[in-house]
Amino acid sequence: MAIIITDECINCGACEPECPNTAIYEGADDWRYSDGTDLEGKVVLPNGKEVDAEETQEPISDEVYYIAPDKCTECMGFHEEPQCAAVCPVDCCVPDEDHVETEEELLGKQAFMHHN
């Protein structure tokens, strides 16, 4: 499943540079599927959603750092554990019960976003 940043976030920013998928953004910042990935132009995500990878997406939170769930792979294919959770000083990076995915799905998403 994806990771979510709870509202207990203190906005320290420790998590953002640790994400290998560039799925973490500062509160109120726009995001793109293409940020930190190999995705370009119109793509169909593994979940079937059609998007323009370069189109600006609305922030998921205006208050605290947030994780774009379509880009989060829990660091599978890169690390043994989610790096955001490993570095968070207040333990606010937790599993997102609304975005449950299998290890196979997470690895597939990672391979989709990073072609090499």
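Residue 35 in the UniProt record's numbering sits at position 35 of the sequence shown, with consecutive numbering throughout.
Positions of the beta carbon are idealized from the N, C-alpha and C atoms, including for glycine.
Since the model is a prediction, treat every value here as computed from it, not as a measurement.
Length of the line joining the Cα atoms of residue i and residue j
i   : j   : result
C88 : E50 : 32 Å
D31 : E16 : The displayed chain sequence assigns Trp, not Asp, to residue 31. Each residue's alpha carbon lies about 13 Å from the other.
I5  : D38 : 25 Å
Cut-off 7 Å between Cβ atoms - residues of its own chain near residue i, not counting five sequence neighbours on either side
i           : result
residue 124 : Coverage of the chain is limited to positions 1 through 116, which leaves residue 124 absent and any answer about it impossible.
Rounded distance between the beta-carbons of residue j and residue i, thought under 8 Å
i    : j   : result
K109 : T73 : 5 Å
V94  : N11 : Their Cβ separation, rounded to whole angstroms, is 17 Å, which puts V94 and N11 out of contact at 8 Å.
Close Cβ partners of residue i (< 6 Å) along its chain, the five nearest in sequence each way excluded
i    : result
E105 : none
Proximity below 7 Å, CB of residue i to CB of residue j
i   : j    : result
M76 : L107 : yes
E8  : V90  : yes
E40 : A53  : yes
T22 : G36  : yes
C92 : E18  : no
Collapsed DSSP secondary structure at residue i in the structure displayed
i   : result
V90 : coil
Contacts around residue i, its chain only, beta-carbon distance under 8 Å, and the 5 residues preceding and following it disregarded
i   : result
E58 : D30
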